[in-house]
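*Asks:* If you're matching positions, the sequence shown starts at 1459 in our numbering and goes up one per residue.
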Amino acid sequence: MTQPDMTTMEALGLWHRINTQAMRQLSFDLSARQMAVLLSVYLQPGPHTVKALSQQFDISKAAVCRAIDALSALDLLKRKKDAADKRNVLIQRTITGSVFLSDFADIIMKQAASVEAEAASLKACA
């Protein structure tokens, strides 16, 4: 969405619409921390480790581990021993996680398009 004139309330309204639709349509209701960890693993090049994610978000490794535990329980991420260094555990994507994020992206795009259509309609009426 490339509306530089979007107000704070409009931006919050869009985020509200996205989250409302996500809760209605998606199988999982993730916390902001869980979503941030999930998106980092899917959008940024790996390898991903608890330590690196902890540093990226400036939160404790324990907090990252709790998020990964929850995401792993939902099969949105998985842990795997690093073949090169058995002491390391890598955080990896799953098919379930890919499908979830694809569905979430669809919701975002539809809600953004809806907001744009409403704004265009209001401009046409003015």
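Don't be surprised by glycine CBs; every beta carbon is placed ideally from N, CA and C.
Small disclaimer: the values here were computed from a predicted structure and weren't measured.
Take the Cβ of Val-1495 as the centre, count every other Cβ of all protein chains shown within 10 Å, and call the residue buried at 16 or more, exposed below.
*Replies:* buried
*Asks:* Is it true that the CB of Leu-1559 sits closer than 8 Å to the CB of Tyr-1500?
*Replies:* yes
*Asks:* Under the three-state reduction of DSSP, which class applies to Ile-1553: helix, strand or coil?
*Replies:* helix
*Asks:* Start and end of the alpha helix (DSSP H) containing Lys-1519?
*Replies:* 1519-1531
*Asks:* Just the C-alpha distance for Ala-1571 and Gln-1492, rounded to the nearest angstrom, thanks.
*Replies:* 26 Å
*Asks:* How is Arg-1475 classed by DSSP in three states: helix, strand or coil?
*Replies:* helix
*Asks:* For a test of the three-state rule: what should DSSP assign to Leu-1535, helix, strand or coil?
*Replies:* Of the three classes helix, strand and coil, the one that applies to Leu-1535 here is strand, per DSSP.
*Asks:* Run through DSSP, which three-state label would Leu-1548 get?
*Replies:* strand
*Asks:* Locate the alpha helix (DSSP H) running through Phe-1486, then write down its first and last residues.
*Replies:* Annotation: Phe-1486 is outside any alpha helix (DSSP H) and is labelled neither H nor E by DSSP.
*Asks:* If you draw a straight line from the C-alpha of Thr-1466 to the C-alpha of Leu-1535, how long is it?
*Replies:* One C-alpha to the other measures close to 33 Å.
*Asks:* Contact defined as beta carbons within less than 8 Å: I believe Ile-1565 pairs with Ala-1480. What is the distance between those atoms, to the nearest angstrom?
*Replies:* 5 Å
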